[in-house]
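Peer 1:
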Amino acid sequence: MKSLEEIETLLNEKNVAQQAKIKDLADKVTKAENKLEQGKSAMAKAEDDADLDNYKKAKDAIWSAKAEKEMYSKLKKKAEDKKVFSEAEYNEITKNILAKAEEINESQIKEMIEPVKALKDIADASTKMQVKGQELLEQLQSLNKADPLTITPEGNKVYTSLPSLRLPSTAKGYYNATIGNGALAKIAETYEDNSPRLAKRLENNK
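Residue numbering for the sequence shown follows the working numbering, beginning at 24 and increasing consecutively.
1. Beta-carbon within less than 7 Å of Lys99's beta-carbon, same chain only, minus the 5 sequence neighbours each way: which residues are those?
2. Applying the criterion that 16 or more other CB atoms from any shown protein chain within 10 Å of the CB defines a buried residue, is Leu121 buried or exposed?
3. So for Val107, helix, strand or coil by DSSP?
4. Which residue's Cα is closest to the Cα of Asn77: Gln61, Ala208, Lys92, Asn114?
5. Starting from Asp47 and walking both ways along the alpha helix (DSSP H), at which residues does that stretch end?
6. Can Met24 and Asn119 be called in contact, C-beta distance under 8 Å?
7. Inspect the beta-carbon positions of Val107 and Leu207 and report whether they are closer than 8 Å.
8. Please determine if the region 130 to 148 and the region 192 to 211 are in contact, where contact requires at least 3 C-beta pairs separated by less than 8 Å.
9. How long is the line joining the alpha carbons of Asp147 and Met135, rounded to whole angstroms?
10. From which residue to which residue does the alpha helix (DSSP H) around Gly196 run?
11. If you drop the 5 nearest sequence neighbours on each side, which residues of the same chain put their C-beta closer than 7 Å to that of Lys63?
12. Quick check on Ile202: buried or exposed, where buried means 16 or more other Cβ atoms within 10 Å of its Cβ?
13. Out of Ala65, Leu166, Ala90, Ser149, which one is the CA nearest neighbour of Ser192?
14. Of the residues Ser187, Glu158, Asp144, which one's Cα is nearest the Cα of Glu215?
15. Starting from the C-beta of Leu59, find all residues in its chain whose C-beta is less than 7 Å away, skip the five residues before and the five after it, and write them out in chain order.
16. With 16 as the cutoff for other CB atoms within 10 Å, does Lys195 come out buried or exposed?
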């Protein structure tokens, strides 16, 4: 089985050869057209000069140029319409491209598995870090008897929120936004079944 690059080279070579042949025939058509115009001019001059010999020569040249143009135009059309490959070759190359593309695609998907797993590990570590950070804040507040209630000198009560861990963006957030429980997670087997947690949340809300 050929690689896609090998097939690309083959198709490019065939295309270049075909276009070169078409261009050569197109150039010959143009030359024939020029000869035709020259013959017409020569015949008109011979007619003005009443020169029978040159008139005959010009007429012959016109006939020859017309025949030349007609033949090369037909050959050019045939070259443009001609199939580069036989039906068998065409089918074989088609199967080759499809099979190779599928093979490469499967390989590329497999290559994505490890990076996805690595990102999932980072996302899980991000969650653990956030939980740990919040636990440490709460422990610190408990040890230091932190109180959200303060009394102003005037005797007024003022409640302020104790510091809590609120990160504007996290590795876990980025992971959920890009990979989450999508198709890549299923392929890499990093899919998280949230249904038990959802059921527990619903139960607590009753």
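Virtual Cβ for every residue (Gly too), placed ideally from N, Cα, C.
Predicted model, so just to flag it, every value in this text is computed and none were measured.
Peer 2: Taking the structure as given:
1. Within the sequence shown, the letter at position 76 stands for residue 99. Cβ within range, chain order: Ile45, Leu48, Ala49, Val52.
2. Within the sequence shown, residue 121 is the residue found at index 98, counting from 1. Exposed.
3. The residue labelled residue 107 in the question sits at position 84 within the sequence shown. Here Val107 sits in coil by DSSP.
4. If you number the sequence shown from 1, residue 77 lands on position 54. When only C-alpha atoms are compared, the closest one is Gln61.
5. Translated into the one-based positions of the sequence shown, residue 47 becomes position 24. Looking at the DSSP string, the run of the alpha helix (DSSP H) that includes Asp47 is 27 to 72.
6. For this step, residue 24 is matched to residue 1 along the sequence shown. For this step, residue 119 is matched to residue 96 along the sequence shown. In this structure, Asn119 lies closer than 8 Å to Met24 by Cβ.
7. Here residue 107 refers to the residue found at position 84 of the sequence shown. Here residue 207 refers to the residue found at position 184 of the sequence shown. Not in contact: Val107 and Leu207 (Cβ atoms no closer than 8 Å).
8. Below 8 Å, enough C-beta pairs join the region 130 to 148 and the region 192 to 211 to call them touching: three or more.
9. One-based indexing of the sequence shown puts residue 147 at position 124. One-based indexing of the sequence shown puts residue 135 at position 112. Between Asp147 and Met135, the C-alpha separation is close to 18 Å.
10. In the sequence shown, residue 196 corresponds to position 173, counting from 1. Run containing Gly196: 194 to 201, per the alpha helix (DSSP H) assignment.
11. Within the sequence shown, numbered from 1, the residue matching residue 63 stands at position 40. Closer than 7 Å at the Cβ level, and outside the excluded window around Lys63, lie Ile85.
12. Within the sequence shown, numbered from 1, the residue matching residue 202 stands at position 179. By the 10 Å Cβ count, Ile202 comes out buried.
13. Numbered from 1 along the sequence shown, position 169 holds the residue referred to as residue 192. Looking at the Cα atoms, Ser149 is the closest of the given residues.
14. Residue mapping note: residue 215 aligns to position 192 of the sequence shown, counting from 1. For the residues Ser187, Glu158, Asp144, the minimum Cα distance to Glu215 belongs to Asp144.
15. Position 36 of the sequence shown, counted from the start, is the residue given in the question as residue 59. For Leu59, where only same-chain residues beyond five positions count, the Cβ hits under 7 Å are Ile85, Ala88, Lys89, Lys92.
16. As a first step, residue 195 must be located in the sequence shown, where it is residue number 172. Lys195 comes out buried.
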